[in-house]
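Residues 30 to 216 in the working numbering are what the sequence shown lists, from first letter to last.
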Amino acid sequence: MSKTGWILTALIIPILAGCQQAQQQNKADISRKDRLLADENMRLRGELVQCQNGLKKQEKMLEQYRQENKEMTKRADDAAGENQNLKRETAQYRSEIEKQKQLLDQYQRMLDSKDAPALCRNKIEIQKKLLAKCRQENERIQTEAGETSQFLMEQLPKDLMEQVEQLSQENEQLKARIEELEKTAEH
């Protein structure tokens with residue numbers, strides 16, 4: 030070979046060796062990148078599984094909350110219905126107490142005038158019957174209501190409870206007044 034052939038060979042061999050070394054280095058870089066990508070992929074899959082498990086737990090909790098909400102809504106509706114019934118009964122008792130107050134005033138006027146003692150006795154008998162009927166109705170309501178009534182009564186607004194207490198006190202006063210009138214009518 031000639032000098033030129035040797036020179037070309039000397040130049041080509043290092044170039045080829047450099048290319049081969051660069052190729053091997055590229056393969057090492059690529060395999061390292063593949064490992065890093067695989068590791069990242071595994072980590073992301075783990076996070077995905079955790080997120081899916083968390084989502085399932087959240088869905089279960091959501092369903093549980095929906096069921097609890099339905100139960101609470103039903104209880105609230107039932108309580109509202111009972112509350113309306115109690116308000117209606119309270120209004121009836123108020124009206125009955127008002128009637129009894131009017132009768133009591135009428136009896137008091139009759140006693141003050143002392144014009145019609147027989148009429149007064151008749152009215153007192155009617156009043157006794159009404160009072161007995163009210164007591165029976167009250168006992169019936171208390172036995173029917175039982176624990177539910179107690180539960181709802183504890184939940185009633187304070188002003189309604191105060192009104193019921195006031196009406197009860199007025200009822201007791203009326204009873205005492207009726208008994209007093211009965212005693213005075215008998216004498």
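C-beta: ideal position from N, C-alpha, C; glycine also.
Note that this is a predicted model, so its numbers are computed, not measured.
With distances taken between CA atoms, Y136 lies nearest to I207 out of T38, K32, I207.
As the crow flies, the alpha-carbon of D134 is around 10 Å from that of L203.
Shown here for K158: not one same chain residue has a beta carbon closer than 6 Å to its own, the five before and five after excluded. For the 8 Å CB-CB criterion, L196 and R123 form a contact. If you compare the alpha carbons of E92, I153, A67, N82 with that of K130, the shortest gap goes to I153. Between E127 and I170, the gap from beta carbon to beta carbon reaches 8 Å or more.
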